[in-house]
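Take 76 as the starting number for the sequence shown in my numbering and just add one per residue.
Every residue, glycine too, gets a C-beta built ideally from N, C-alpha and C.
Quantities reported herein were computed from a predicted structural model and do not represent experimental measurements.
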Amino acid sequence: MSSRFFSARYADLTAYTPGEQPRQRKLIKLNTNENPFPPSPLVEARVRETVPRLNLYSDPESTALREILAERLGVRPENLIMTNGSDEALNFAFMAFCDESRPALFPDITYGFYPVFARINSLPFREIPLREDWRIAPEDYDGCGGTIFLANPNAPTGMALTLGQVERMLRSHPDSVLVVDEAYVDFGGESALGLIGRYDNLLVVRTFSKSRSLAGLRLGFAAGNEALIRDLKTMQYSTNPYNVDSLAQAAGIACLEQDEYNMENIRTVCENREWTREQLAGLGFSMTESRANFLFVSHPAFPGSTLRDRLREKGILIRWFDQERIRDWSRISIGTREQMEALVRAAEELLSGR
Ligand SMILES: *Cc1c(COP(=O)(O)O)cnc(C)c1O
């Protein structure tokens, strides 16, 4: 219940519901797509070194971090804006590139924050249904004429568009911004980053939360044509100039300097995903072809939220969405091998009635 002072502008707003962050450490957390491995050792050292300088404001341009990131990505620093998690980059994109004549367009089944960003900014939006097999059909966006937001790979399906499909969309919507949210791209998607020099309507959004083990730090970025990035910076300087704190900037640099550590962990997560996929298929689960660090699963023996509830009783958290089309599906994040073995054992027990 809101107070009697709550702005009438937000009367219809339903806030985003984050996955549960339990106090009990014993639970196996496969509900929020976090990386099961801690950040690289250099991150901790650099954060410590930064603490004595916390009396000073952070660099609003994240200059040093943008420079090393630009070099790694093969773009120029002017093509990048660093943000407080990629959620902030997405919010800036809704604010900057949508209006009454350019509604936000996104799939009906996708990252649950998109409709919230549209509503909080009083922007019109339209949900384009995924096809029956959970595919995004690019042609369904033809003639819609708004600003398109696509998670690629998509969540919670994990399914990805090819780079060719993304490029064809950029060409068929030359007067629309296409925002490609690549939160999960490192786990098996094809990135559109290489196209930002050729398409002035492409904005790629990425995060350090999933593949770089830094969800708690809140660090993300957007990459695109210089003019698009300038628009996003206008949003940054109009809301929170010091959006990325000094600890996050230092940690981000350290993380990139030791990126082989993250690459190794990404390989492990992908191996664990394929192992889990085979095990669950053997138990009769249906799954999409996920290219992310999670599996999207259903089982005829577990209608609706039952699987989530029964696994929770066994100390394992997964994510279920109270949304019409996907009521019979759940999303399971990929953790360590031991965690996935525990998941498979628990599923076996549930199926044999134990
Ligand atoms: C996790 C996630 C984000 C948000 O990531 P942060 O950088 O932690 O804000 C954005 N988009 C999608 C599709 C995600 O799953």
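8 Å or more divides the Cβ of LEU331 from the Cβ of ALA422. TRP350 carries a helical assignment under DSSP once its states are collapsed to helix, strand and coil. Rounded to whole angstroms, the gap between the alpha carbons of GLN324 and SER161 is 14 Å.
In the same chain as ARG147, and ignoring 5 residues on each side of it, the C-beta atoms closer than 8 Å to its own belong to LEU331, ASP334, in chain order. The way I'd put it, the stretch 408-416 does touch the stretch 348-365; three or more beta-carbon pairs between them come closer than 8 Å.
In this structure, the C-beta of THR282 approaches ligand 1 to less than 7 Å from one of its heavy atoms.
The stretch 192-208 and the stretch 153-160 do not touch, with fewer than 3 CB-CB distances between them shorter than 8 Å.
In this structure, ligand 1 has a non-hydrogen atom nearer than 7 Å to the beta-carbon of LYS285.
When the beta-carbon positions are compared, LEU303 and VAL319 stay at least 8 Å from each other. Nearest in C-alpha terms to THR309, of all of SER321, GLU136, GLU353, is GLU136.
Runs of the alpha helix (DSSP H) lying entirely within the stretch 227-269, each at least 4 residues long, are 238-247 in chain order. For VAL372, there is no enclosing alpha helix (DSSP H); the residue is part of the beta strand (DSSP E) that begins and ends at 369-373. Excluding sequence positions up to five before and after ALA356, its CB lies within less than 8 Å of the CB of MET362, all in the same chain and listed in chain order. Put simply, the backbone Cα of PRO190 is about 14 Å away from that of ALA230. Boundaries of the beta strand (DSSP E) harbouring GLU202: 200-203, taken from the DSSP string. Here the alpha carbons of TRP404 and GLN398 stand approximately 10 Å from one another. Nearest C-alpha to LEU268 among VAL150, ARG402, THR89: VAL150. Shown here, ILE184 sits in coil according to DSSP, grouped into three states, outside any helix or strand. Exposed is the label assigned to PRO93, since fewer than 16 other Cβ atoms lie within 10 Å of its Cβ. If you draw a straight line from the Cα of TYR85 to the Cα of ARG342, it comes to about 43 Å. When only Cα atoms are considered, PHE181 and ILE223 end up about 6 Å apart. For VAL280, DSSP records a beta bridge to ASP256, ALA297. CA-to-CA, the gap between SER247 and SER78 works out to about 47 Å.
Between SER288 and ASN337, the C-beta gap is smaller than 8 Å, which places the two residues in contact.
With 16 or more other Cβ atoms inside 10 Å of its own Cβ, TYR274 counts as buried.
Here LEU88 really is in contact with ILE195; their C-beta atoms are around 6 Å apart, less than 8 Å. Between ligand 1 and TYR85, a heavy atom-to-CB distance of less than 7 Å is absent.
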